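Numbering (this note's numbering), first residue to last: 336 to 380.
Here a beta-carbon is modelled for each residue, glycine too, at the ideal position from N, C-alpha and C.
The structure presented is a predicted model; accordingly, all values stated were derived computationally and were not measured.
Structure, rendered in structure tokens:
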């Protein structure tokens, strides 16, 4: 998944606004928000 890869490899922080700006051309905001939550849950555990 493009969004998950963004958070894993490209993101300098877990900022939602940065992710929306970087991915807005390819992904919907709701999808970015949901994948961010999933990513944070998996990284935290």
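Check this for me: beta carbons of residue 342 and residue 368, under 8 angstroms apart or not?
Stepping through the chain shown from its first residue, residue 342 is reached at position 7. Stepping through the chain shown from its first residue, residue 368 is reached at position 33. A distance of 8 angstroms or more separates the beta carbons of residue 342 and residue 368.
Is the Cβ-Cβ distance between residue 376 and residue 338 less than 8 angstroms?
As a position in the chain shown, residue 376 is number 41, starting the count at 1. As a position in the chain shown, residue 338 is number 3, starting the count at 1. In this structure, residue 376 keeps its C-beta atom at 8 angstroms or more from the C-beta atom of residue 338.
Is residue 358 buried or exposed, if buried means 16 or more other CB atoms sit within 10 Å of its CB?
In the chain shown, residue 358 corresponds to position 23, counting from 1. Buried.
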